[in-house]
Amino acid sequence: MQTNLIDSTSSEWMKPDGLTICIDGRMLNDGGSGTGVGQYARTLIAALKVVGIRPLILEDGGPSQHRSRPAKILRAMRPWDRTAVANDQGFYVRDVFREAQVFFNVHKRPMSIVVPGRPGIMHWSYPLPLRLKGWRNLYTVHDVMPLDPAIPSPVNGPRLRAILDALRNAGSSFVTVSETARSQIVAKMGWSADMVKACHQAADVASVQLDLLPHNLARSDYLLYVGAVEARKNLLRLLDAYQASGITTPLVISGPDGLDAATIDARIKMTPGAIRLGLQPRDRVIQLISGARALILISLAEGFGLPVVEAMALGTPVLSADGPALAEVGGGATLLVDPLDKVALQNGLIAISNDSVLRDRLSKLGTNRAKYFALEPYAQRLIKLYGIA
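Position one of the sequence shown corresponds to residue 1 (full-length UniProt numbering), numbered consecutively onward.
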């Protein structure tokens, strides 16, 4: 991709003493589970490093030194700016991510942080109620599904709306992970179309050893779902369609408990051939995707659908819902089905399980489509974004 706004080879972007990009480290130490915001942040850093940019990291410096809960709350309520301390990674402010939430509850505005050195671009991996004073603050909004009461979500929708409006009022910029998500954010928030940019994201799978398969699974001998075990992922319909299809290929469901996990787990136990795995380390998730006959993701709603991109990058065929975000990300390289149509789901499962010619075609299409989501093209999109943010 051509980038006529920023020269990504300039020393200002590459020299350690000239860094002008910072990323929050809130979820970088999430145990390496490879899910959600943590994986987004890790991939963001990896992509920038590919083009010679080593971003600074804003860390929380550990928990508060105050032991009592009232003391922690009173400390968080202080109305003034916080001052960051420089370290080898970037900056830190003790307990800043927790304090920011309390600060916002009380003051209804993002907490400002003063950092040493010249200002640059602060790329927040999530819309946190925080800002670096004097910097350009750019927030990734992954989706606004919590603002839709019809979509079950553990996130407080009204509070998310309040934070987004407060960040906008503070002069912030916003980026998201798909054109679909961008349109939905603009519509739900009532913002102008130019308030949010779409940059997609990347799949970083190159460093994983792929010749290992966990849990005694046989290569290309199972169908795989990866993600939270929750209602939004449409797993009850998937299990119904799987059982009705009569296929004998095992269906592996891998991921952490989400909303309604107990109900879904009970249904899994009643479904012959269905196997439940819990939350897996990042490398194991990639190994599971690489070894699967096909990845299945028929969510009722998505902002992006990272497992689809990871599967395409690994040459694994994909059966996905025909919702706008998954169709956009798949780019014609996946088998799409109506996630509400049990017969369509059943037929899709049969086709992708039994038709090797179809799988070969999808694998080739997916491998080509995944090039757009590789680290270097993503880094070039980021550089262009930072030039206009």
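The beta carbon of each residue, even a glycine, is placed where N, CA and C say it ideally should be. All of these numbers come straight from a predicted model, not from anything done at the bench.
- Per DSSP, the unbroken beta strand (DSSP E) holding Tyr225 starts and ends at 223-226.
- For Lys197, the secondary structure class from DSSP, reduced to helix, strand or coil, is strand.
- The way I'd put it, the region 40-58 doesn't touch the region 144-155; fewer than three beta-carbon pairs between them come closer than 8 angstroms.
- DSSP lists Leu130 as the bridge partner or partners of Met111.
- Rounded to the nearest whole angstrom, the CA to CA distance from Ile253 to Ile296 is 9 angstroms.
- DSSP links Glu59 through a beta bridge to Tyr92.
- Counting the other CB atoms within 10 Å of its CB gives Gly120 a total of 16 or more, which places it among the buried residues.
- Boundaries of the beta strand (DSSP E) around Ile121: 121-124.
- When DSSP states are grouped into helix, strand and coil, Thr180 belongs to the helix group.
- In this structure, Ala241 keeps its C-beta atom at 8 angstroms or more from the C-beta atom of Leu335.
- Taking a cut-off of 8 angstroms on C-beta distances, the region 174-184 touches the region 194-203, as three or more cross pairs fall below it.
- With a contact defined as Cβ atoms closer than 8 angstroms, Ala231 and Asp260 qualify at about 4 angstroms.
- Rounded to the nearest whole angstrom, the C-alpha separation of Pro55 and Ala166 is 26 angstroms.
- Using a Cβ distance threshold of 8 angstroms, Ala84 and Val114 count as a contacting pair.
- Following the DSSP letters along the chain, one finds Asp24 inside the beta strand (DSSP E) bounded by residues 21-24.
- Between the region 281-297 and the region 264-271, the count of C-beta pairs closer than 8 angstroms stays below three; the two stretches do not touch.
- Boundaries of the beta strand (DSSP E) around Val337: 335-337.
- Collapsing the DSSP output to three states places Phe104 in a helix.
- Of the residues assessed, Leu340 falls on the exposed side of the cut-off, its CB having fewer than 16 other CB atoms within 10 angstroms.
- When Cβ pairs closer than 8 angstroms are counted between the two stretches, the region 133-144 is seen not to touch the region 96-106, the count staying below three.
- Straight through space, the alpha carbons of Leu235 and Ala301 are spaced by roughly 12 angstroms.
- At the C-beta level, Arg168 and Met145 stay beyond 8 angstroms of one another.
- Here Thr249 really is in contact with Tyr222; their C-beta atoms are around 6 angstroms apart, less than 8 angstroms.
- With respect to the C-alpha of Lys133, the residue from Tyr126, Ile57, Met122 having the closest C-alpha is Met122.
- According to the DSSP assignment, Val252 belongs to the beta strand (DSSP E) that extends over 251-254.
- Annotation: Pro256 to Phe304 spans about 18 angstroms, alpha carbon to alpha carbon.
- Shown here, Thr367 sits in a helix according to DSSP, grouped into three states.
- In the structure shown, Phe174 falls within a strand segment according to DSSP collapsed to helix, strand and coil.
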